[in-house]
Amino acid sequence: MTTPVAGLLADLAARTVRCLAEAVEPLPEPVLGAVRHQLGLDREGRAGKALRPALALLCADGCGDLDAGLPAAVAVELVHNASLLHDDIIDRDETRRHRPAAWRACGVGTAVLAGDAMTALALETLARVPRRADLALACLARTLHDLVAGQVLDVAFETRQHVPTDHYTAMATGKTAVLMQAACELGALLAGAGAGQLEALGGFGRHLGIAFQILDDYHGIWSSCADTGKPAASDLRSRKKTFPVTVALAEATAPARRLRALYRQPADLTPEQTQLAVQLISQTTAREATRRAVAHARATAVQRLNLSNANPRARRNLLDLADHILADPALRTGTGDGRAAAPGSGPPGAMAAESTPCHADPQKKTQE
Numbered sequence: 001m002t003t004p005v006a007g008l009l010a011d012l013a014a015r016t017v018r019c020l021a022e023a024v025e026p027l028p029e030p031v032l033g034a035v036r037h038q039l040g041l042d043r044e045g046r047a048g049k050a051l052r053p054a055l056a057l058l059c060a061d062g063c064g065d066l067d068a069g070l071p072a073a074v075a076v077e078l079v080h081n082a083s084l085l086h087d088d089i090i091d092r093d094e095t096r097r098h099r100p101a102a103w104r105a106c107g108v109g110t111a112v113l114a115g116d117a118m119t120a121l122a123l124e125t126l127a128r129v130p131r132r133a134d135l136a137l138a139c140l141a142r143t144l145h146d147l148v149a150g151q152v153l154d155v156a157f158e159t160r161q162h163v164p165t166d167h168y169t170a171m172a173t174g175k176t177a178v179l180m181q182a183a184c185e186l187g188a189l190l191a192g193a194g195a196g197q198l199e200a201l202g203g204f205g206r207h208l209g210i211a212f213q214i215l216d217d218y219h220g221i222w223s224s225c226a227d228t229g230k231p232a233a234s235d236l237r238s239r240k241k242t243f244p245v246t247v248a249l250a251e252a253t254a255p256a257r258r259l260r261a262l263y264r265q266p267a268d269l270t271p272e273q274t275q276l277a278v279q280l281i282s283q284t285t286a287r288e289a290t291r292r293a294v295a296h297a298r299a300t301a302v303q304r305l306n307l308s309n310a311n312p313r314a315r316r317n318l319l320d321l322a323d324h325i326l327a328d329p330a331l332r333t334g335t336g337d338g339r340a341a342a343p344g345s346g347p348p349g350a351m352a353a354e355s356t357p358c359h360a361d362p363q364k365k366t367q368e
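Here the sequence shown stands for residues 1 to 368, where the numbers follow full-length UniProt numbering.
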């Protein structure tokens, strides 16, 4: 049975896909084939969930003009898939969305070029908008910079023995949250939002993105390949410092000490060691701490949304989308009603990264 939010997502995704297919058509082969594979525009049609385009379009709707957000939806989906494509190469992950990753299907060289092409197309898409193109391009350029910084931290953390929670948050913000923030801000910006709405909606996207990344970390340990479309525990294999891992490594317990010993070795973990790591992490407080962190970030996102002055229909749709994105019975903790967690109840440092709107000049809000 299709839920209302699933139907809404399908409608917004269909709008975006039509524009995406048109945007990528001029690319030359074999790059076009790799781009279509990554975006799910090929015969198999294994597209992603189109969550970021949905955020862009709903934020545009919240500011009075859903269709104005279409270029933002296309741009963020292109950048998102470019980052996934490059991440799969860096991490040597061989599957994506239940089929071979683009670099396995099309070759590393073609896949790298496909990621570059999608990034260029995203910038070109925003450059063509009739109003506020300069602000939109500045927003996306800063987002691209932050995405690179987040990925650099993600790779660097693999060889660091201790990663404080606030350092993890900086990485998660750059790796995931800034693009959700940009989706919200770009959609609102192109629909004519002023500085206050941009800040509030951007903050909603940013904190939703932090919650989403922590939830992804949760699934990376306690979900199967059938659930995620990626190899089970692939982040553990490469000794990544995901949120549950940072919590577990910081404990002064026997399982934590054994986990630290595993993580000190220079090579990737073997399948047996990876399974042992899952067992050791499960014996710490990491699972419950991860649940609390997701709930805390979600509550903060809702606070920002409630300050946005978006129209009631769009605000309801955005809240429903947030609940859909973070839906997982295993994570049902916290207040559950959109209220912020009590002071000190969130993970240490988890909300250290505050939202800064992409637009550089709030004085321009009435001039564009």
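Glycine included, each C-beta is placed from N, C-alpha and C at the ideal position.
Backbone CA spacing between residue i and residue j [nearest angstrom]
{"i": "V278", "j": "I214", "result": "16 Å"}
{"i": "F243", "j": "A127", "result": "37 Å"}
{"i": "A282", "j": "A211", "result": "Per the sequence presented here, residue 282 reads as Ser, with Ala not at that position. For S282 and A211, the distance between alpha carbons rounds to 20 Å."}
{"i": "T285", "j": "R257", "result": "14 Å"}
{"i": "D87", "j": "R96", "result": "11 Å"}
{"i": "A141", "j": "T119", "result": "10 Å"}
{"i": "T3", "j": "L20", "result": "25 Å"}
{"i": "R315", "j": "S308", "result": "9 Å"}
{"i": "E22", "j": "D320", "result": "30 Å"}
{"i": "C139", "j": "Q151", "result": "18 Å"}
{"i": "A47", "j": "L41", "result": "7 Å"}
{"i": "G64", "j": "A191", "result": "7 Å"}
{"i": "P255", "j": "R160", "result": "19 Å"}
{"i": "R313", "j": "L198", "result": "18 Å"}
{"i": "R264", "j": "V155", "result": "15 Å"}
{"i": "R240", "j": "T110", "result": "Here residue 240 turns out to be Lys, not Arg, going by the sequence shown. Roughly 26 Å between the two C-alpha positions."}
{"i": "E368", "j": "A195", "result": "Note that E368 has pLDDT 30, beneath the 50 cutoff, so the model's placement of it is unreliable and no number is given."}
{"i": "E124", "j": "D11", "result": "25 Å"}
As assigned by DSSP and simplified to three states, the class of residue i
{"i": "R131", "result": "coil"}
{"i": "T119", "result": "helix"}
{"i": "R260", "result": "helix"}
{"i": "T95", "result": "strand"}
{"i": "L307", "result": "coil"}
{"i": "P266", "result": "coil"}
{"i": "residue 409", "result": "The chain is shown from 1 up to 368; residue 409 falls before or after that span and cannot be answered."}
{"i": "E44", "result": "coil"}
{"i": "L27", "result": "coil"}
{"i": "R287", "result": "helix"}
{"i": "R239", "result": "coil"}
{"i": "A350", "result": "Residue confidence for A350 is low, a pLDDT of 42 falling below 50, so the modelled location carries little weight and cannot support an answer."}
{"i": "T253", "result": "coil"}
{"i": "D146", "result": "helix"}
{"i": "D154", "result": "helix"}
{"i": "T328", "result": "The residue asked about is misnamed: residue 328 is Asp in this sequence, not Thr. Coil, per DSSP."}
Nearest-angstrom beta carbon gap, residue j and residue i [assumed within contact, 8 Å]
{"i": "D268", "j": "R237", "result": "5 Å"}
{"i": "L85", "j": "G45", "result": "With a Cβ gap of about 17 Å, L85 and G45 do not count as contacting."}
{"i": "G62", "j": "A310", "result": "3 Å"}
{"i": "A14", "j": "G187", "result": "That belief does not hold up - the Cβ atoms of A14 and G187 are roughly 17 Å apart, past 8 Å."}
{"i": "V76", "j": "A56", "result": "6 Å"}
{"i": "L153", "j": "M171", "result": "4 Å"}
{"i": "T253", "j": "Y168", "result": "Actually they do not touch by this definition, with Cβ atoms about 19 Å apart."}
{"i": "A248", "j": "L262", "result": "Actually they are not in contact, since the Cβ atoms of A248 and L262 sit about 11 Å apart, beyond 8 Å."}
Residue range of the unbroken alpha helix (DSSP H) whose run includes residue i
{"i": "C106", "result": "A102 to C106"}
{"i": "A6", "result": "P4 to V24"}
{"i": "E185", "result": "V178 to L190"}
{"i": "L201", "result": "A195 to W222"}
{"i": "V247", "result": "F243 to L249"}
{"i": "V35", "result": "V31 to L39"}
{"i": "A314", "result": "P312 to I325"}
{"i": "D66", "result": "In the sequence under discussion, the amino acid at residue 66 is Leu, which differs from the Asp named in the question. Looking at the DSSP string, L66 is not in any alpha helix (DSSP H), and its letter there is neither H nor E."}
{"i": "R160", "result": "Note, R160: premise wrong, no alpha helix (DSSP H); not H, not E."}
{"i": "D61", "result": "L51 to G62"}
{"i": "A233", "result": "First-last for A233: undefined, no H or E at that position."}
{"i": "T173", "result": "Neither: T173 is in no alpha helix (DSSP H) and is coded neither H nor E."}
When the options are compared against residue i, the one with the closest alpha-carbon
{"i": "A50", "options": "A34, R287 and V79", "result": "V79"}
{"i": "Q181", "options": "M171, Y168 and G209", "result": "G209"}
{"i": "V24", "options": "A14, A10, L12 and L39", "result": "L39"}
{"i": "T165", "options": "A293, L259, L70 and I221", "result": "A293"}
{"i": "residue 369", "options": "S234, L305, A170 and Q151", "result": "The structure shown has nothing for residue 369, since the chain only spans 1 to 368."}
{"i": "V108", "options": "V31, L319 and E251", "result": "V31"}
{"i": "A289", "options": "A322, E251, T300 and P312", "result": "E251"}
{"i": "W103", "options": "A82, L121 and A122", "result": "A82"}
{"i": "L9", "options": "R52, A254 and A301", "result": "R52"}
{"i": "L121", "options": "A73, V148 and I89", "result": "A73"}
{"i": "A136", "options": "A193, A111 and A295", "result": "A193"}
{"i": "G205", "options": "H219, A6 and I325", "result": "I325"}
{"i": "W222", "options": "D11, L144, D328 and L305", "result": "D328"}
{"i": "A301", "options": "F157, L66 and A177", "result": "A177"}
{"i": "H37", "options": "A6, C106 and G202", "result": "C106"}
{"i": "A117", "options": "P266, L179, L66 and L27", "result": "L27"}
{"i": "R304", "options": "L201, L12 and E94", "result": "L201"}
Contact with chain B by residue i, beta-carbon distance below 7 Å
{"i": "T169", "result": "Annotation note: the requested chain B is absent from the structure, which comprises a single protein chain."}
Residue i CB to nearest heavy atom of the ligand SAH below 6 Å
{"i": "H86", "result": "Judged by which ligands are present, the structure shown has none, so any question about the ligand SAH falls away."}
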